[in-house]
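Trainee:
Residue numbers (UniProt numbering): 1 to 408.
1) Please confirm if the segment 105-125 is in contact with the segment 51-66, defined as three or more CB-CB distances below 8 Å between the two stretches.
2) Could you give the residue range of the alpha helix (DSSP H) that holds residue 360?
3) Got a sec? Which residues, its chain only, sit under 7 Å from residue 238 by beta carbon, not counting five neighbours each side?
4) Would residue 179 be called buried (16 or more neighbouring beta carbons within 10 Å of its own) or exposed?
5) Hey, could you find the ends of the alpha helix (DSSP H) residue 139 is sitting in?
6) What number of angstroms, rounded off, separates the C-alpha of residue 55 from the C-alpha of residue 76?
7) Assuming residue 306 and residue 389 are in contact, meaning their beta carbons sit under 8 Å apart, how far apart are those beta carbons, in whole angstroms?
8) Roughly how many angstroms separate the alpha carbons of residue 294 and residue 171, rounded to a whole number?
9) Excluding the 5 residues preceding and the 5 following residue 152 in the sequence, name in chain order all residues of the same chain whose CB lies nearer than 6 Å to its CB.
10) Distance, Cα to Cα, residue 143 vs residue 41?
11) Alpha carbons only, please: which of 382, 136 and 314 is nearest the one belonging to residue 339?
12) Ordered along the chain, which non-local residues of its own chain (more than five positions away) have a Cβ less than 7 Å from that of residue 405?
13) To which residues does DSSP link residue 192 through a beta bridge?
14) How far does the beta strand (DSSP E) with residue 187 in it reach, from first residue to last?
15) Go to residue 343, then tell me how far its beta strand (DSSP E) extends in each direction, as first and last residue.
16) By a C-beta neighbour count over all protein chains shown, 10 Å radius and 16 as the cutoff for buried, is residue 182 buried or exposed?
17) Return the CA-CA distance between residue 67 and residue 44, expressed in angstroms with no decimal places.
18) Based on DSSP bridge pairs, tell me the residues matched to residue 178.
19) Is it the case that the Cβ atoms of residue 319 and residue 299 are separated by a distance below 7 Å?
20) Counting pairs of beta carbons, one from the segment 182-192 and one from the segment 160-170, are three or more of them closer than 8 Å?
21) I'd like to confirm the pairing. Which residues does DSSP put opposite residue 386 in its beta bridges?
22) By how many angstroms is the C-alpha of residue 210 removed from the C-alpha of residue 220?
23) Between the C-alpha atoms of residue 407 and residue 290, what's the straight-line distance to the nearest angstrom?
24) Buried or exposed: residue 35, going by 16 or more other Cβ atoms within 10 Å of its Cβ?
25) Any idea what DSSP makes of residue 245, helix, strand or coil?
26) As a quick exercise: from 398, 240, 276 and 322, pick the residue whose alpha carbon is nearest that of residue 259.
27) Please classify residue 10: is it buried, with 16 or more other beta-carbons within 10 angstroms of its beta-carbon, or exposed?
28) Taking all protein chains shown into account, do 16 or more other C-beta atoms lie within 10 angstroms of the C-beta of residue 78, making it buried, or fewer, making it exposed?
29) Are the CB atoms of residue 105 and residue 82 within a distance shorter than 7 Å?
30) Would you tell me roughly how many angstroms separate the C-alpha atoms of residue 387 and residue 282, rounded to the nearest one?
31) Tell me the rounded alpha-carbon separation between residue 356 and residue 329.
32) Measuring CA to CA, which of 53, 94 and 124 is closest to residue 100?
33) How long is the line joining the alpha carbons of residue 370 and residue 129, rounded to whole angstroms?
34) Since residue 64 is in the beta strand (DSSP E), which residue starts that stretch and which ends it?
35) Which two residues bound the contiguous beta strand (DSSP E) that contains residue 264?
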């Protein structure tokens with residue numbers, strides 16, 4: 001037999017040994033199962049004196065528990081909609097159980113079981129419940145929307161502060177419903193805008209969904225969005241009224257509209273900066289060159305792409321206001337000016353000053369966007385009134401401002 005033959009025989013013997021070893025281990029192992037705390041035993045007594053408290057989209061059942069040392073918990077079994085069964089459990093320390101997730105006010109049955117430590121269930125106690133108006137329906141009833149710049153603005157109320165999704169639909173060329181946006185909220189009330197459409201009449205629809213996948217109906221309406229465009233920055237001009245803040249030497253106002261946001265401290269044309277000691281509040285003024293009804297604006301902060309240590313710190317704006325007018329008083333007062341929008345920059349992560357997540361940086365690079373109310377008047381001259389920076393500084397800085405709206 002050749003060397004190759006001996007090698008093959010040895011290999012085959014090794015393989016046989018491995019196969020028998022695996023079979024031996026497999027036969028010798030047993031599957032372990034989690035067992036109840038104890039085995040056998042009788043079912044515990046049932047709960048008694050059950051009372052029903054119907055609430056908005058939920059029900060609280062109160063009861064007396066049986067005097068049974070083997071009782072471990074009470075289980076409620078119910079349907080939130082046909083075919084969707086739910087369970088809710090309360091330990092023997094409690095005398096009530098909360099049932100969540102109802103999407104309608106339909107009357108339905110709930111079965112209550114007492115369960116022992118050995119997982120033996122009692123006979124059910126059946127009660128009827130009838131939830132009050134659930135948040136998915138009350139929020140839907142509050143929905144209203146109107147045409148806005150590039151789309152629609154939706155207003156809603158959510159008095160229960162429930163976690164809600166408001167779905168926005170539109171129709172394609174064939175008239176079929178297609179998704180346009182999804183808005184997530186737990187606010188008691190609020191509004192949001194959906195953009196990206198031209199100024200031609202089209203259908204929009206709204207519906208509400210909760211976290212248990214209960215859906216409302218859909219309300220449809222034909223709306224004509226308003227025309228929106230980015231305002232021409234080449235027309236913008238710096239101004240200096242008597243009450244305006246002094247500027248830091250290398251950070252003129254014109255840097256706010258030159259579309260340059262990178263370069264850091266080595267460049268003097270990528271950011272605006274007010275002078276040290278400007279105080280709080282302080283403001284700057286500039287001319288857009290045209291009168292326009294503003295829809296929104298985007299602020300890119302200094303340090304969004306470089307000098308990350310300056311982002312959400314030092315002179316980075318946290319609270320400020322935008323004011324506008326078509327004619328101004330040359331003495332620098334606010335006579336004739338209208339406050340257009342209150343602006344608060346909120347860190348996505350919620351982390352403290354000096355600690356930024358990747359999401360914080362990405363948001364800054366995208367720019368902080370602020371909506372101007374639809375009823376705001378047309379303006380030509382703008383003022384940025386600084387109220388607070390992330391570093392509580394007496395000066396501020398920004399990299400870029402971009403305005404959208406409709407020229408008048």
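Idealized CB from N, CA, C, for every residue including glycine.
Mentor: A quick look at the data gives this:
1) A contact exists between the segment 105-125 and the segment 51-66.
2) For residue 360, the uninterrupted alpha helix (DSSP H) run begins and ends at 358-366, by DSSP.
3) Within the same chain, Cβ atoms closer than 7 Å to the Cβ of residue 238 are found at 252, 253, 254 and 286, the five residues on either side in sequence being excluded.
4) By the Cβ neighbour-count rule, residue 179 is exposed, with fewer than 16 other Cβ atoms within 10 Å of its own.
5) It spans 135-142 - the alpha helix (DSSP H) in which residue 139 sits, taken as one unbroken run.
6) Cα to Cα, residue 55 sits roughly 17 Å from residue 76.
7) Incorrect: roughly 19 Å between the Cβ atoms, too far for contact.
8) Residue 294 and residue 171: Cα-Cα distance of roughly 28 Å.
9) 145, 194, 204 and 223, listed in sequence order.
10) C-alpha separation (whole angstroms): 55 Å.
11) The option with the nearest alpha carbon to residue 339 is 382.
12) Closer than 7 Å at Cβ, skipping near neighbours: 149, 228, 231, 292, 293, 294 and 295.
13) Answer is 154.
14) Careful: residue 187 lies outside any beta strand (DSSP E) and carries neither H nor E.
15) Per DSSP, the continuous beta strand (DSSP E) segment holding residue 343 begins and ends at 338-344.
16) That one is exposed.
17) Taking C-alpha positions only, residue 67 is separated from residue 44 by approximately 9 Å.
18) DSSP output for residue 178 lists 170 as bridge partner(s).
19) Cβ distance not < 7 Å, so residue 319 and residue 299 don't count as in contact.
20) Verdict: yes, contact present.
21) Residue 386 pairs with 282 and 320.
22) C-alpha of residue 220 to C-alpha of residue 210: approximately 20 Å in a straight line.
23) Distance between the alpha carbons of residue 407 and residue 290: 7 Å.
24) Any reading at residue 35 must be qualified, since the residue scores a pLDDT of 47, below 50, and its modelled position is unreliable; the value itself is stated next. That one is exposed.
25) In the structure shown, the three-state DSSP call for residue 245 is coil.
26) The residue with the shortest Cα to Cα distance from residue 259 is 398.
27) In this predicted model, residue 10 has a pLDDT of only 35, less than 50, meaning its place in the structure is not dependable enough to derive any value.
28) Buried is the call here.
29) Between residue 82 and residue 105, the CB-CB gap reaches or exceeds 7 Å.
30) Cα to Cα, the separation comes out at about 7 Å.
31) Distance between the alpha carbons of residue 356 and residue 329: 42 Å.
32) Here the closest residue by C-alpha is 53.
33) Cα to Cα, residue 370 sits roughly 45 Å from residue 129.
34) Start and end: 58-64.
35) For residue 264, no beta strand (DSSP E) segment is defined, and its DSSP state is neither H nor E.
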